[in-house]
Amino acid sequence: MLEKWQNHQPETFVCINKWQQTPDTVTIELQPQVGAESIDFKPGQFVSLGIRIDGELLFRAYSISSIPQQSTLQLTIKRVDGGRVSTYLVNTLTIGDNVQLLQPAGEFNCIDHPPENQRVLLISAGCGITPVYSMAKYWLEHNANIDICFIHVAKSPSQTLFFEQLNQLDRDNSNFNLQLLLKDKANTEFHQGRLNQQWLEQLTPNLHQRTVYLCGPEGFMEDVSQYLQQLDFNMSQFFQESFTPTITQSIADKVSTTLTLNVPAFNQTLTVNHGDNLATTLENASLPILVACRSGVCGSCRCKVTPNSVNSTSAMTLTTEDIEQGYVLACSSTIIDNTEVSF
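And the structure:
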């Protein structure tokens, strides 16, 4: 592991390559500035990437599209409307530029959740393809007995990430069954339509004998989960990426109470409201909190607070010892009492 990652600090990486995947999506290849023989992670995981824009260091989380044990990492990034970081990475980042990366993280991976047998179903939509594409490549390289059914939903061939690579995998591997479901299939032989229960059954041989890995927009994942349950699928063999913003507490639900937030290391005392999000409060005060996924899954915003002073909806990356010592994930914590914060 890279030295700074061992101390939960960001490492500097250099962009050594960048290429267009679709009109609004690029893949960037990153190499550690200090050098490393290989970079270890679990296929399906993501990294929190930091880039300085207009003097401000901003972090966002992106899934890794390459496979482990290589000397570089590849991230595939779609430009999001209004997204400062994604827009900068797609439009402005050039070869030779530096970025900051936190250690790979995420429970959605094929190592911690291996398939029960040798049959898997990978389902994705849009840029949700990135983590399952990494899984597929890893399995095909390391497990000759794996049977992969790969269903991806996209608008058209030109809007399908890794379109050529997926077709090459399909041609080269008899144990890789590619099924694209497109809104406009153009002149291809792929299916046209919207994924539903009937398509799921039709496109997936031996569905009930497979382990399912799902990633895509929240509504899409909810639909697929419902289809599987309606088909009496064994949901203990179902895994999905929980990469969506954490909903904390609406303004309407907040109690009209003024509280104090103290940050001794920076000699700051803030006046806050009951129900304020901890990460947003610290960011607005220009305090050095790293907030990447904003979903309570990456752990970049880990900080220590006064016991019982916040309500937290996620402790995904925290150990039992962390929790006992008072650590929380700021992005998924709301302030409910006077508190003191340390990093």
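Each residue of the sequence shown is one higher than the one before, counting from 1 in UniProt numbering.
Ideal placement from N, C-alpha and C gives every residue a C-beta, glycine not left out.
Nearest to residue i (by Cα), restricted to the options the options
i       : options                            : result
Thr-313 : Leu-270, Lys-304, Asn-277, Glu-340 : Asn-277
Gln-179 : Asp-172, Ala-186, Asn-187, Trp-199 : Trp-199
Cys-127 : Ile-323, Leu-318, Gln-118, Leu-214 : Leu-214
Gln-45  : Asp-172, Thr-211, Val-132          : Val-132
Asp-184 : Val-153, Asn-206, Phe-176, Ala-330 : Val-153
Glu-11  : Pro-23, Val-90, Thr-25, Ile-51     : Ile-51
Gln-9   : Arg-60, Gln-100, Ser-134           : Gln-100
Cys-110 : Pro-217, Asn-173, Pro-43, Arg-84   : Pro-43
Phe-13  : Gln-229, Asp-81, Leu-73, Asn-187   : Leu-73
Asp-147 : Asn-98, Asn-196, Asp-170, Thr-334  : Asp-170
Leu-231 : Phe-220, Asn-206, Gly-219, Glu-218 : Asn-206
Exposure of residue i, with buried meaning 16 or more beta-carbon neighbours within 10 Å
i           : result
Gln-33      : exposed
Ile-123     : buried
Ile-247     : Confidence is the limiting factor: at Ile-247 the pLDDT is only 40, short of 50, which leaves the residue's position unreliable, though a coordinate-based value still follows. Answer is exposed; the Cβ neighbour count stays below 16.
Ile-77      : buried
residue 403 : As displayed, the chain neither begins before 1 nor continues past 343, which places residue 403 out of reach and without an answer.
Proximal residues to residue i (C-beta, below 8 Å), its chain only, five neighbours per side dropped
i       : result
Glu-164 : none
Leu-203 : Cys-149, Ile-151, Gln-179, Leu-181, His-191
Gln-21  : Thr-27, Thr-76, Leu-161, Phe-162
Minimum Cβ-Cβ distance from residue i to chain E less than 9 Å
i       : result
Leu-329 : Among the chains in the structure shown there is no chain E, since it carries only a single protein chain.
Close-in-space but distant-in-sequence residues of the same chain around residue i (CB under 6 Å, 5 per side omitted)
i           : result
Ala-285     : Leu-270
residue 344 : Outside the displayed range of the chain (1 to 343) lies residue 344, so it cannot be described from this structure.
DSSP-derived helix/strand/coil call for residue i
i       : result
Gly-50  : strand
Leu-294 : A small fix is needed here, since residue 294 is Arg in this sequence, not Leu. In the structure shown, Arg-294 sits in coil (DSSP, three-state: anything other than H, G, I, E or B).
Ser-250 : Confidence in Ser-250 is poor, its pLDDT being 40 and thus under 50, which makes the residue's placement too unreliable to answer from.
Pro-245 : The pLDDT assigned to Pro-245 is 46, lower than 50, so where the model puts this residue is not dependable, and the model offers no usable value.
His-274 : coil
His-142 : helix
Cys-110 : coil
Asp-147 : strand
Val-328 : strand
Gln-192 : strand
Pro-10  : coil
Arg-60  : strand
C-alpha distance - residue i paired with residue j, whole-angstrom precision
i       : j       : result
Gln-103 : Ser-71  : 15 Å
Val-297 : Pro-114 : 20 Å
Ser-300 : Thr-92  : 25 Å
His-208 : Cys-149 : 12 Å
Glu-3   : Trp-19  : 29 Å
Glu-241 : Ser-156 : 24 Å
Arg-119 : Arg-302 : 37 Å
Ser-63  : Val-212 : 18 Å
Closer than 8 Å: residue i CB and nearest the ligand GDP heavy atom
i      : result
Thr-12 : Ligands are entirely absent from the displayed structure, and the ligand GDP is therefore not among its contents.
Cβ-based neighbour list, residue i, same chain, cut-off 7 Å, excluding 5 preceding and 5 following
i       : result
Gln-308 : Rather than Gln, the amino acid found at residue 308 in this sequence is Asn. Within the same chain, Asn-308 has close Cβ partners Asp-337.
Glu-324 : none
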